Each structure stands twice: as structure tokens, then as C-alpha cells.
Amino acid sequence: MNPGERQIIPTGIAIALPSGFEAQVRPRSGLAAKHGITLVNSPGTIDADYRGEIGAILINHGSKPFVIERGMRIAQLIVSPLTKFSWFEQDELSHTTRSAG
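Letter by letter, the sequence shown follows residues 1 to 101 of the UniProt record's numbering.
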């Protein structure tokens, strides 16, 4: 990947999450710190009904070309349960010690 270039990198991984769960594709801090390689859409969300191969959309923010090799750890996959909730419109929010700052 040349500097400024972005690519969808196939992972060779497909998953079937149970209903009520999601997976998030997240960047690896070491790649970002050492080479400027990170995910464009971070986190990338994988819904429970998605059945295709997971791809990582990477971008090279570094100043040098970077070669991605088979088996290289380029991202992390985190699986989490979804929390359902309802929104309620309010005219005013309660005060906290932090407030907005």
C-alpha cells in the first residue's frame, strides 16, 4: 500500500453471529503507531445477519509504502451483545458534576 492509498483487505474469515450480537473490526495500535496503517471506518460493524467474508478497509497514513502479507495481524475482531433501549425526547437533561466539558 502506497502512502495515502486505501484498500479492502480480504481476511479469509466469515462468521455467523447469533441474533442479538455484533462484531466490530478495530485497528491495531501497533500498526498505526509504527507504520501509520489504520482502518478507514473504525470500528467496522458486522451485523448478525451478515454472511460474507469480512474485509478490513485499511489506509496508509504513513510516509512509506507498506506491504501486507498473508497471515499478518492487521485488525482485531471484538464480539459483543447488543443492548436494546428506547429514546425519550427531553426538554432538559439532568445536571452532573462534569456537565458538558
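Here a beta-carbon is modelled for each residue, glycine too, at the ideal position from N, C-alpha and C.
The model shown is predicted, which means the values in this text are computed figures rather than measured ones.
- No Cβ-Cβ contact shorter than 8 Å links I46 with L58.
- With respect to the C-alpha of T11, the residue from K84, E69, T96 having the closest C-alpha is E69.
- Bridge partners of T38 according to DSSP: I59.
- Per DSSP, reduced to three states, the secondary structure at S94 is coil, with no helix or strand assignment.
- Annotation: E5 to V79 spans about 28 Å, alpha carbon to alpha carbon.
- Looking at the DSSP output, V79 bridges to A23.
- Of the residues F88, F21, I13, the one whose Cα lies closest to the Cα of D49 is F21.
- Residue state for G44 is assigned as strand, using DSSP reduced to three classes.
- Rounded to the nearest whole angstrom, the CA to CA distance from P65 to M72 is 16 Å.
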